[in-house]
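Colleague: Protein chains in written order, with this note's numbering: chain C, 1 to 114; chain X, 1 to 111.
Got a structure for you, questions after.
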Amino acid sequence: NAGVTQTPKFQVLKTGQSMTLQCAQDMNHEYMSWYRQDPGMGLRLIHYSVGAGITDQGEVPNGYNVSRSTTEDFPLRLLSAAPSQTSVYFCASSAVSSGNTEAFFGQGTRLTVV
Amino acid sequence: KQEVTQIPAALSVPEGENLVLNCSFTDSAIYNLQWFRQDPGKGLTSLLLIQSSQREQTSGRLNASLDKSSGRSTLYIAASQPGDSATYLCAANNAGNMLTFGGGTRLMVKP
Numbered sequence: 001n002a003g004v005t006q007t008p009k010f011q012v013l014k015t016g017q018s019m020t021l022q023c024a025q026d027m028n029h030e031y032m033s034w035y036r037q038d039p040g041m042g043l044r045l046i047h048y049s050v051g052a053g054i055t056d057q058g059e060v061p062n063g064y065n066v067s068r069s070t071t072e073d074f075p076l077r078l079l080s081a082a083p084s085q086t087s088v089y090f091c092a093s094s095a096v097s098s099g100n101t102e103a104f105f106g107q108g109t110r111l112t113v114v
Numbered sequence: 001k002q003e004v005t006q007i008p009a010a011l012s013v014p015e016g017e018n019l020v021l022n023c024s025f026t027d028s029a030i031y032n033l034q035w036f037r038q039d040p041g042k043g044l045t046s047l048l049l050i051q052s053s054q055r056e057q058t059s060g061r062l063n064a065s066l067d068k069s070s071g072r073s074t075l076y077i078a079a080s081q082p083g084d085s086a087t088y089l090c091a092a093n094n095a096g097n098m099l100t101f102g103g104g105t106r107l108m109v110k111p
């Protein structure tokens with residue numbers, strides 16, 4: 001099982017550039033989410049989705065955009081990259097309807113904005 | 001707002017010791033609590049999930065307990081090995097599968 005797959009693993013952007021971080025899961029999970037991990041701040045929720053066509057904001061949504069057109073994919077878009085968005089980004093998925101809400105994480109995307 | 005704290009932030013032990021990692025949370029209305037392991041530069045690996053109705057879960061040398069009334073969870077690692085060296089994270093799930101993470105405990109097991 002592939003589980004949760006994130007691409008790319010590493011990315012360097014210049015300030016003002018845009019990009020999309022990809023996330024795909026093959027477990028048919030309804031719930032998907034994006035977190036960022038920063039030293040001293042822990043993991044913080046950016047955006048989440050409870051199913052195709054439904055998204056909502058987490059704790060730190062500014063500067064990021066998401067959409068959920070399929071159950072499998074949940075891309076995270078940086079509209080105009082800023083140095084403050086330098087971080088490690090993790091995508092996660094979990095089931096909702098089955099009652100077992102164990103969360104599974106991807107391997108992360110390390111993003112540097114210069 | 002849920003707040004999750006992990007103590008200690010770092011721990012160094014000799015191989016073979018039994019050890020306990022602590023996790024406390026402020027809002028006891030959780031659906032479940034999950035423990036993760038993170039190796040340097042890697043993603044999060046799920047270790048144990050404890051539902052709110054459960055008191056503990058076991059997997060191999062790992063045992064996690066949950067006391068909702070006191071807002072605490074512990075992860076017990078028996079007979080620690082150098083391969084256990086990693087950062088351990090706990091996360092509380094209050095609503096809608098949204099997780100609130102603690103800051104983690106960085107564990108070093110010395111041979």
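Beta carbons: idealized from backbone N, C-alpha and C, even for Gly.
The structure presented is a predicted model; accordingly, all values stated were derived computationally and were not measured.
Check whether the region 42-52 of chain X touches the region 1-10 of chain X, counting contact only when three or more Cβ pairs, one atom from each stretch, lie closer than 8 angstroms.
Modeller: Contact between the region 42-52 of chain X and the region 1-10 of chain X is absent, because fewer than three Cβ pairs lie under 8 angstroms.
Colleague: What does the alpha-carbon distance come out to for the pair VAL20(X) and LEU75(X)?
Modeller: 6 angstroms
Colleague: Less than 6 angstroms between C-beta atoms, sequence neighbours within five positions excluded: which residues of the same chain meet that for ALA78(X)?
Modeller: Residues ASN18, ARG61 of the same chain have their beta carbon placed closer than 6 angstroms to that of ALA78(X), with the five preceding and five following residues left out of the count.
Colleague: Between which two residues does the beta strand (DSSP E) holding LYS110(X) run?
Modeller: 105-110
Colleague: Taking Cβ positions only, does TYR31(X) come closer than 8 angstroms to chain C?
Modeller: By the rule that beta-carbons nearer than 8 angstroms mark a contact, TYR31(X) touches chain C.
Colleague: Reducing DSSP to helix, strand and coil, say where PRO82(X) ends up.
Modeller: helix
Colleague: Under the assumption that GLN6(C) contacts GLN22(C) (Cβ atoms under 8 angstroms), give the Cβ distance between them as a whole number of angstroms.
Modeller: 7 angstroms
Colleague: Give every residue of the same chain whose Cβ lies closer than 8 angstroms to the Cβ of GLY69(X), excluding the five residues on either side of it in the sequence, and list them in chain order.
Modeller: First, the residue type needs correcting, since residue 69(X) is Ser and not Gly in the sequence shown. Excluding positions up to five away in sequence, the list reads SER28.
Colleague: I'd like to know if GLN54(X) contacts chain A, where contact means its C-beta is closer than 8 angstroms to some C-beta of that chain.
Modeller: Of the protein chains in this structure, namely C and X, none is chain A.
Colleague: Report the three-state DSSP secondary structure of SER84(C) (helix, strand or coil).
Modeller: helix
Colleague: Which residues in the same chain as MET108(X) place their Cβ atom closer than 6 angstroms to its Cβ, once the five residues preceding and following it in sequence are excluded?
Modeller: Contacts found: SER12, SER85.
Colleague: Within 10 angstroms of the Cβ of THR101(C), are there 16 or more other Cβ atoms? Answer buried if so, exposed if not.
Modeller: Flag for THR101(C) reads buried.
Colleague: Can you tell me whether MET41(C) is buried or exposed? The criterion is at least 16 other CB atoms within 10 Å of its CB, across all chains shown.
Modeller: With fewer than 16 Cβ atoms within 10 Å of its Cβ, MET41(C) is classed as exposed.
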